[in-house]
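Undergrad: Structure in C-alpha cells, see below.
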Amino acid sequence: MAANVDTGKCVACGACEQVCPVEAIKVSDAASVDESVCIECGACVNECPAEAISLP
Ligand code: SF4
Ligand code: SF4
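In terms of my numbering, the sequence shown opens at residue 160 and continues consecutively.
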C-alpha cells in the first residue's frame with residue numbers, strides 16, 4: 160500500500176516531493192509514488208494544494 164495520486168487533479172507543483180521524508184515521490188508531468196518506499200506517513204496528503212493525494 161502507498162499514497163495514491165489522482166493524476167487528473169495533480170498540478171505538478173512539487174510540494175509533495177519536497178515534504179516526503181523518505182523521498183518516495185518524484186514529480187514530472189504529475190507526482191508518482193514509489194510504493195516500495197512510501198511509509199504512509201500522510202505528509203504529502205496534508206501538503207497537496209490540489210487534494211490530489213490520498214491514503215488507502
Ligand atoms: S505518505 Fe509519506 S512516505 Fe508516502 S509518499 Fe506521502 S509523504 Fe512520502
Ligand atoms: S503536492 Fe499535489 S499537486 Fe503538487 S505535485 Fe504533489 S500531488 Fe501534484
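Backbone N, C-alpha and C define an ideal beta-carbon position, used for all residues, glycine too.
Quick caveat, the model's predicted, so the values are computed rather than measured.
#1: Taking the CB atoms as reference points, tell me whether valine 178 and valine 196 lie closer together than 8 Å.
#2: With respect to the beta strand (DSSP E) encompassing valine 192, which residues constitute its N-terminal and C-terminal limits?
#3: Hey, is alanine 171 close to ligand 4, as in C-beta under 7 Å from one of its heavy atoms?
#4: May I ask you to report which of helix, strand or coil DSSP gives valine 164?
#5: Identify the residues that DSSP records as bridge partners of valine 186: which are they?
TA: Per the coordinate set shown:
#1: no
#2: 190 to 192
#3: Ligands present in the displayed structure are limited to ligand 1 and ligand 2, and ligand 4 is not among them.
#4: strand
#5: Ala190
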